[in-house]
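Enquirer: Here it is: the structure, laid out below.
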Amino acid sequence: FLVELAAAIAGYVFKDKVHGLVEEGLGGGFLGQFSCCGVNNFTDWASVGNRTVPRSCCRVVSEACNARPGPATVFDKGCLPSLESWLRRNIVVLAAVALGIAFFEVLGVVFSCCLMRGIRSGYEVM
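Counting with UniProt numbering, you get residues 1 to 126 for the letters of the sequence shown.
In structure tokens form, the structure reads like this:
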């Protein structure tokens, strides 16, 4: 519980540094569910050394869609802005889920303490 609490506080305090961390993480990965290509846009793949993009960047997957990438054939929006906007839209839901989990953990600790008191008192009957 304390680790979760510390992670939540650190996430809130360092929320402005998330941009750099996400950008590093996206450099080697892909987020297909956001209909995006590259970190900032599809031209990021040119720095990899070839002129093609992965097929996952194609608007309509075909054999030659990634051979000559352009805004008409591939997603021109980058994954970093897409992920950041998704996080901004859903931060309240993520925080509510985290608080819900924490609530049940604290409730479990309280019930455990009540059970311990009951055992120590020898299950006194009224």
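Don't be surprised by glycine CBs; every beta carbon is placed ideally from N, CA and C.
Just so you know, these numbers come straight off a predicted model, no measurement behind them.
(1) Please report the Cβ distance between V39 and C57, rounded to the nearest whole angstrom; I am assuming they are in contact, meaning their Cβ atoms lie under 8 Å.
(2) Answer with buried or exposed for P71, where buried requires no fewer than 16 other C-beta atoms within 10 angstroms of its C-beta.
(3) Going by alpha carbons, who is nearest to A46 out of N66, L115, Q33, C114?
(4) With DSSP as the reference, label V61 as helix, strand or coil.
(5) Per DSSP, which residues does V74 bridge with? Please list them.
(6) How would you label C114, buried or exposed, when you count the other beta carbons within 10 angstroms and need 16 or more for buried?
(7) So, helix, strand or coil for residue 135, using DSSP?
(8) At which residues does the alpha helix (DSSP H) containing A10 begin and terminate?
(9) Could you have a look at N90 and say whether DSSP puts it in helix, strand or coil?
(10) Work out the CA separation of L2 and R88 for me, nearest whole Å.
(11) State yes or no: is the C-beta of L5 within less than 9 Å of the C-beta of A102?
Expert: In terms of the structure at hand:
(1) Looking up residue 39 in the sequence shown gives position 39. Looking up residue 57 in the sequence shown gives position 57. Not confirmed; about 12 Å, so no contact.
(2) Here residue 71 is taken as the residue at index 71 of the sequence shown, counted from 1. Exposed, by the Cβ-count rule.
(3) Taking the first residue of the sequence shown as 1, we reach residue 46 at position 46. Residue N66 is the option with its Cα nearest to A46.
(4) In the sequence shown, the residue the question calls residue 61 occupies position 61. Of the three classes helix, strand and coil, the one that applies to V61 here is coil, per DSSP.
(5) Numbered from 1 along the sequence shown, position 74 holds the residue referred to as residue 74. Beta-bridge pairing links V74 to C58.
(6) By one-based count along the sequence shown, residue 114 stands at place 114. Looking at its Cβ environment, which holds fewer than 16 other Cβ atoms inside 10 Å, C114 is exposed.
(7) The chain is shown only over 1 to 126; residue 135 falls outside these bounds and no answer can be derived.
(8) Walking along the sequence shown from the start, residue 10 turns up at place 10. Note, A10: alpha helix (DSSP H), 2-13.
(9) Position 90 of the sequence shown, counted from the start, is the residue given in the question as residue 90. Looking at N90 - three-state DSSP - the assignment turns out to be helix.
(10) Stepping through the sequence shown from its first residue, residue 88 is reached at position 88. Stepping through the sequence shown from its first residue, residue 2 is reached at position 2. Spanning the two alpha carbons is a distance of roughly 25 Å.
(11) Here residue 5 refers to the residue found at position 5 when the sequence shown is read from its first residue. Here residue 102 refers to the residue found at position 102 when the sequence shown is read from its first residue. It is a contact, given that the beta carbons lie within the stated cut-off.
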